[in-house]
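Visitor: Before I ask anything, let me first share the structure, which is written out below as structure tokens.
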Amino acid sequence: MSESVSVRVNGKPVTVRAGATVAVAVLESGAICRTSVSGQPRSPLCGMGTCFECRVAINGEPQRRSCQVLCQSNMEIETHG
Amino acid sequence: MDSVKQLRFDVAVVGAGPAGIAAALAAADSGKSIGLVDDNPAAGGQIWRGAQSAPRKSAASIWFDRLNKSAVQIVPGARVFHAANGELAAESDDSAIQITYGKLILATGARELFLPFPGWTLPNVMGAGGLQALLKSGLDIAGKRVVIAGTGPLLFAVAAYARKCGAKVVGICEQTTRSRMVRFGMKMLLVPSKAPEALRFAYELRGIPHWTDCWPVAAFGNRRVEIVRISRQGQTSEIECDYLACGFHLTPNVELPRMCGCRLQQGLVEVDEYQHTSVAGTYCAGEPTGIGGLELALVEGEIAGYAATNWEDRAKHLFAKRAQYQKVVRILKDAFPLRPELKNLARPDTLVCRCEDVPHERLCEHSSWRAAKLHARCGMGPCQGRVCAPAAEFLFGWEIDSVRPPVFPVRCSSLAAIPSRSSAPRN
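Same order as they appear, the protein sequences are chains H and F. If you count the first sequence from 1, position 41 lands on 234 in the numbering used here, and the numbers rise without skipping. If you count the second sequence from 1, position 210 lands on 211 in the numbering used here, and the numbers rise without skipping.
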């Protein structure tokens with residue numbers, strides 16, 4: 194079983210431990226998850242799926258809560274930070 | 002178009018944290034079909050997040066072993082967004098799910114209470130439990146400076162966990178008073194199984210400053226938090242940090258119980274001695290009936306599971322154990338009341354609603370949560386007020402009592418999958 198997973202965050206390769214969530218990959222890439230309606234940078238707050246601050250696009254699907262999705266090999270993650 | 006999955010259980014349990022796991026396992030003893038539905042990718046809830054790989058013989062691993070060997074059908078990654086006429090509507094990543102059941106057990110847990118202060122929306126300012134959840138999900142924090150703030154025993158757990166992960170925990174800011182904190186420590190030593198836990202934390206946190214009468218006043222930074230200003234026994238000071246983990250204890254997830262029509266009292270789901278709610282055939286266990294922690298959640302779950310499968314004798318057998326842990330609810334309430342100074346942290350331009358970016362000054366104009374929603378769009382974003390409503394309740398004293406379907410933002414195709422008969426009465 195592989196112990197790490199590689200994904201891309203805004204095209205940049207990021208390697209995280211197997212079982213890590215997409216939120217972790219975004220934080221470790223240094224990216225900001227999203228820009229708020231008034232233009233502020235936002236990143237995860239609750240870490241458990243309730244606050245919706247960690248929303249990113251995963252494999253082209255927008256508005257996914259990155260803290261509730263596990264990284265899978267070669268996932269393409271796009272932030273709007 | 003998404004597929005529609007139909008599931009039918011004798012007992013459906015919503016929430017796969019400790020209360021839900023205990024409920025499902027107790028119910029499974031009857032041989033009936035049991036479903037355990039949860040939004041997260043895996044069972045365990047927040048406290049046992051990622052604990053499937055926990056050391057053998059830990060409390061969590063014993064429960065996971067039992068769960069894995071049981072006939073309980075786990076439905077992970079499924080968000081329940083509607084409940085009506087004995088049916089639940091949920092969605093997963095690729096399908097809509099219709100769940101019918103004989104009995105329903107709600108074990109929806111709790112979330113952190115967040116209070117707004119200038120800078121609280123900056124990246125890397127997160128919940129205390131929020132940081133812990135991200136660490137359990139694989140975040141590398143080695144060498145980072147972390148300030149932990151807010152209130153409640155969770156701060157200790159998070160500080161210990163962050164330190165174990167290699168973080169430099171600069172300090173713990175606890176808003177309650179020193180005398181309440183001391184009383185809390187003494188009372189908890191008398192609760193079964195809590196004394197070893199307290200001693201373990203004391204050991205794991207040695208050398209980390211723990212300040213009482215202390216809370217964050219503001220956070221500063223360019224695109225990320227860099228400095229937190231704290232008030233400590235009336236004096237302000239500034240601390241450099243990479244993360245500010247701040248949570249003001251817990252608030253129960255009562256949206257789904259409310260949607261099911263369960264009666265609430267003072268924000269908590271009302272249950273009888275069998276954990277039965279005001280709605281026939283619907284039970285509730287764990288934090289929504291009163292914030293009391295792991296052991297209480299487990300025993301309430303077991304009682305609900307037995308009661309839902311007509312095993313009242315077994316349920317009754319656990320009443321005394323539950324009573325022991327119910328003391329914790331009172332102890333926590335007495336120890337960590339939120340101090341009124343925290344109401345004054347938000348400045349006029351400090352955002353209260355983070356989804357719709359509604360500042361404090363826009364809320365002051367209104368006299369109710371409903372008016373604030375309608376006129377200022379507070380709580381109208383994707384989190385549906387899960388973050389700002391409990392804050393507004395504390396800041397303005399508003400009663401938060403409304404809930405309407407869907408209780409979670411979902412795809413149109415999932416809404417379309419709800420059978421139209423659910424709007425009509427059924428016999």
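The beta carbon of each residue, even a glycine, is placed where N, CA and C say it ideally should be.
So with CB distances below 8 Å, who are the chain H contacts of methionine 127(F)?
Guide: Those within 8 Å of methionine 127(F) in chain H are Ser236, Pro237, Leu238, Cys239, Gly240.
Visitor: What does proline 234(H) pair with, by DSSP beta-bridge criteria?
Guide: According to DSSP, which records beta bridges pairwise, proline 234(H) is partnered with Thr228(H).
Visitor: Mapping the DSSP letters down to three states, classify leucine 263(H) as helix, strand or coil.
Guide: If DSSP states are grouped into helix, strand and coil, leucine 263(H) belongs with the strands.
Visitor: How many whole angstroms separate the CB atoms of leucine 140(F) and valine 217(H), which I take to be in contact at a CB cut-off of 8 Å?
Guide: So it is a contact: roughly 5 Å between Cβ atoms.
Visitor: Between phenylalanine 82(F) and chain H, is there a C-beta pair that is closer than 9 Å?
Guide: It does not; no Cβ of chain H falls within 9 Å.
Visitor: Measuring alpha carbon to alpha carbon, tell me which of Gly130(F), Pro117(F), Cys247(F), Val147(F) ends up nearest serine 240(H).
Guide: It is glycine, not serine, that sits at residue 240(H) in the sequence shown. The candidate whose alpha carbon is nearest that of glycine 240(H) is Gly130(F).
Visitor: For the 8 Å Cβ check, are there 3 or more pairs between the region 101-121 of chain F and the region 224-235 of chain H?
Guide: Too few Cβ pairs lie closer than 8 Å, so no.
Visitor: Can you give me the start and stop residues for the beta strand (DSSP E) that proline 258(F) sits inside?
Guide: Note, proline 258(F): premise wrong, no beta strand (DSSP E); alpha helix (DSSP H) at 256-260.
Visitor: At what residues does the beta strand (DSSP E) containing glycine 103(F) begin and finish?
Guide: It spans 96-107 - the beta strand (DSSP E) in which glycine 103(F) sits, taken as one unbroken run.
Visitor: What three-state label does DSSP hand glycine 294(F) in the structure shown?
Guide: The answer is coil: DSSP assigns glycine 294(F) none of H, G, I, E or B.
Visitor: What separation, rounded to the nearest whole angstrom, lies between the Cα atoms of phenylalanine 249(F) and alanine 43(F)?
Guide: Rounded to the nearest angstrom, the two C-alpha atoms are 26 Å apart.
Visitor: Rounded to the nearest angstrom, what separates asparagine 428(F) and valine 411(F) at their Cα positions?
Guide: With a pLDDT of 37 at asparagine 428(F), under the threshold of 50, the modelled position of this residue cannot be trusted; read the value that follows with caution. Roughly 29 Å between the two C-alpha positions.
Visitor: For alanine 17(F), which residues of its own chain have a beta-carbon under 6 Å away from its beta-carbon, when the five flanking residues on both sides are left out?
Guide: For alanine 17(F), where only same-chain residues beyond five positions count, the Cβ hits under 6 Å are Leu37, Asp39, Ala44.
Visitor: At a CB distance below 7 Å, what residues from the region 332-360 of chain F approach chain C? Give them in sequence order.
Guide: In summary, chain C is missing from the structure at hand, where the protein chains are H and F.
Visitor: Hey, could you find the ends of the alpha helix (DSSP H) tyrosine 275(F) is sitting in?
Guide: Per DSSP, tyrosine 275(F) belongs to no alpha helix (DSSP H) and is neither H nor E.
Visitor: Using beta carbons (cut-off 9 Å, strictly below), is glutamate 196(H) in contact with chain F?
Guide: Not one chain F Cβ lies under 9 Å of glutamate 196(H).
Visitor: Measuring straight from C-alpha to C-alpha, what distance separates proline 341(F) and cysteine 215(F)?
Guide: Approximately 13 Å between the Cα atoms of the pair.
Visitor: Arginine 50(F): buried (16+ other C-beta within 10 angstroms of its C-beta) or exposed?
Guide: Answer is buried; the Cβ neighbour count reaches 16.
Visitor: Grab me the residues of glutamate 246(H)'s own chain with a C-beta within less than 8 Å of its C-beta, minus the 5 sequence neighbours each way, in chain order.
Guide: The residues are Cys226, Arg227, Arg235, Ser236, Pro237, Leu238, Cys239.
Visitor: For glycine 382(F), collect the residues of the same chain with a Cβ closer than 8 Å to its Cβ; drop the 5 residues on either side in sequence, then sort them by chain order.
Guide: Correct list, in chain order: Cys354, Arg355, Cys356, Glu357.
Visitor: According to the neighbour-count rule (16 or more other Cβ atoms, all chains shown, within 10 Å of its Cβ), is lysine 205(H) buried or exposed?
Guide: Classification for lysine 205(H): exposed.
Visitor: Looking only at DSSP bridge pairs, what is valine 249(H) linked to?
Guide: Bridge partners of valine 249(H): Arg257(H).
Visitor: Return the CA-CA distance between valine 300(F) and phenylalanine 65(F), expressed in angstroms with no decimal places.
Guide: Using only the alpha carbons, I get a separation of about 16 Å.
Visitor: Assuming valine 81(F) and leucine 257(F) form a contact by the criterion Cβ under 8 Å, report the distance between their Cβ atoms to the nearest whole angstrom.
Guide: So it is a contact: roughly 6 Å between Cβ atoms.
Visitor: By the 10 Å Cβ neighbour count, where 16 or more other Cβ atoms means buried, how is lysine 235(F) classified, buried or exposed?
Guide: The sequence given here places glycine at residue 235(F); lysine does not occur at that position. Glycine 235(F) is exposed by the Cβ-count criterion.
Visitor: So the candidates are Glu400(F), Arg387(F), Gly120(F); which of them puts its Cα closest to the Cα of glutamate 113(F)?
Guide: It is Arg387(F) whose Cα lies nearest to the Cα of glutamate 113(F).
Visitor: Using C-beta distances below 6 Å, list every residue in its chain close to isoleucine 419(F), excluding the 5 sequence neighbours before and after it, in chain order.
Guide: Correct list, in chain order: Ala90.
Visitor: Which full runs of the alpha helix (DSSP H) of 4+ residues lie inside the region 228-259 of chain F, going along the chain?
Guide: For the region 228-259 of chain F, not a single whole alpha helix (DSSP H) run of length 4 or above is found.
Visitor: Using a Cβ-Cβ cut-off of 9 Å, state whether threonine 272(H) counts as contacting chain F.
Guide: No, its Cβ sits nowhere closer than 9 Å to a Cβ of chain F.
Visitor: Do threonine 310(F) and alanine 28(F) have their C-beta atoms closer together than 9 Å?
Guide: Yes, they are a contact pair.
Visitor: Can alanine 336(F) and phenylalanine 221(F) be called in contact, C-beta distance under 9 Å?
Guide: Taking 9 Å as the Cβ cut-off, alanine 336(F) and phenylalanine 221(F) do not qualify as a contacting pair.
Visitor: Which term fits tyrosine 260(F), buried or exposed, when burial requires 16 or more other beta carbons within 10 angstroms of its beta carbon?
Guide: The displayed chain sequence assigns methionine, not tyrosine, to residue 260(F). Buried.
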